[in-house]
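Only one structure is covered here, and it is reproduced in the block below.
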Amino acid sequence: MSHLFVDAESGMIPIDFYTFATPNGRKVAIMLEELELSYESHIIDIERGEQKSPEFLRKNPNGKIPVVVDHATNKTIFESCAILLYLAETYGPSFAMHEDERLELLQWLFFQVGHIGPMIGQLWHFKEFASEQIPSAISRYEKECYRLFSVLDDRLVARDYINGRYSISDIATWPWIDAANSQLGLSFEQFPHLKRWHAAISERPAVIRSASIGHHSPTAAFTPDGSAQ
Ligand SMILES: N[C@@H](CCC(=O)N[C@@H](CS)C(=O)NCC(=O)O)C(=O)O
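As structure tokens, then:
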């Protein structure tokens, strides 16, 4: 496994991670922690619109977190699943997939990007943030979220993880399922395999450590041994 440390001469942390405490930010936080990379996290307060500042738009023209700037390779990457793929391919041999696994992995990664995130995101909006309560919108998205829960539950009947072994499709999906359950009150009662998968990932040390990243606190830099700088 590649480890990046603070460059002794420049004192520079190789990876800058721009984030906020949301499911898309959490995915990348989990991955950085799983890989034990050295990085510095920077809060971009999306409630105050910091993601639309000219400086941030130069990093992501779509004006959303998360973004990773890797000074070791001189790359700036937006879109959380592109970041996961980049980190897996660049620093995570244990996350690399054989060619025959790759196509299946991509399908579940795109399933997360195209369905899980947007549907749970819409439910979140209509349940928590909309200026008026629209029961038909809440019921439409809740029904669709439970349908997606059942797709995942079926997939997990005969597998520990979405692609068999723990992979970036789990890392991409878990923060949304966790938020749907803990923030939006969606129940796992009818979905025992999803519940077991959720519980197993919740216990991973990297996932536990990632919970504090993106919340307002003094900017912290994390090193492979977990200490803050
Ligand atoms: N498809 C994007 C979605 C990113 C996204 O929606 N980020 C949200 C937070 S989870 C955001 O920055 N929202 C602020 C805004 O839309 O202005 C990804 O996966 O990175």
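With our numbering, letter number 195 in the sequence shown gets 249, and the count goes up by one each step, no holes. Built from N, CA and C at the ideal position, the CB exists for glycine as well.
Tell me the DSSP bridge mates of F71?
The partner list for F71 (beta bridge, DSSP) reads S95 and V122.
Specify the secondary structure class of I137 as computed by DSSP and reduced to three states.
The answer is helix: DSSP assigns I137 an H, G or I state.
Looking only at its own chain, which residues have a Cβ that is under 6 Å from the Cβ of L111, when we skip the five neighbours before and after it?
G117.
If you check the beta carbons only, do V82 and F71 fall under 8 Å apart?
A contact, by the Cβ cut-off of 8 Å.
So does E294 have its beta carbon nearer than 7 Å to some heavy atom of ligand 1?
The structure shown has nothing for residue 294, since the chain only spans 55 to 283.
Within the same chain, show all residues whose beta-carbon is closer than 6 Å to that of W251, passing over the 5 residues directly before and after it, in chain order.
Answer for W251: L210, listed in chain order.
So is the beta-carbon of T76 under 7 Å away from any non-hydrogen atom of ligand 1?
It does: the Cβ of T76 is within 7 Å (strictly closer) of some heavy atom of ligand 1.
Go through its chain and collect everything with a Cβ distance to K249's Cβ below 6 Å, but skip five positions before and after it.
If we look at K249 and ignore the five residues flanking it on each side, its Cβ neighbours are F242.
Nearest CA to the CA of E133: which residue from V122, W162, S95 and S204?
Cα-wise, what sits closest to E133 is V122.
Per the contact definition of three or more C-beta pairs closer than 8 Å, is the region 218-225 in contact with the region 175-192?
Verdict: no, contact absent.
Determine the burial state of S95: buried for a count of at least 16 other Cβ atoms within 10 Å of its Cβ, exposed for fewer.
Classification for S95: buried.
Below 8 Å on the Cβ atoms is my guess for G146 versus L89; work out the distance and round it to an integer in Å.
Going by Cβ atoms, the distance from G146 to L89 rounds to 5 Å, so yes, they are a contact pair.
DSSP on Y215, reduced to helix/strand/coil?
Of the three classes helix, strand and coil, the one that applies to Y215 here is strand, per DSSP.
At a cut-off of 7 Å, is G168 close to ligand 1 when judged by its beta-carbon and the heavy atoms of the ligand?
It does not: the Cβ of G168 is nowhere closer than 7 Å to a heavy atom of ligand 1.
Determine the contact status of L160 and A226, defining contact as a CB-CB distance below 8 Å.
Not in contact: L160 and A226 (Cβ atoms no closer than 8 Å).
For E257, count neighbouring Cβ atoms within 10 angstroms of its own Cβ and tell me buried if that reaches 16, exposed if not.
Exposed: under 16 other Cβ atoms inside 10 Å.
Would you say Q105 touches ligand 1, meaning its beta carbon is less than 7 Å from a heavy atom?
Correct: Q105 has its Cβ closer than 7 Å to ligand 1.
Can K113 be considered in contact with ligand 1, in the sense that its beta carbon sits closer than 7 Å to one or more heavy atoms?
No.
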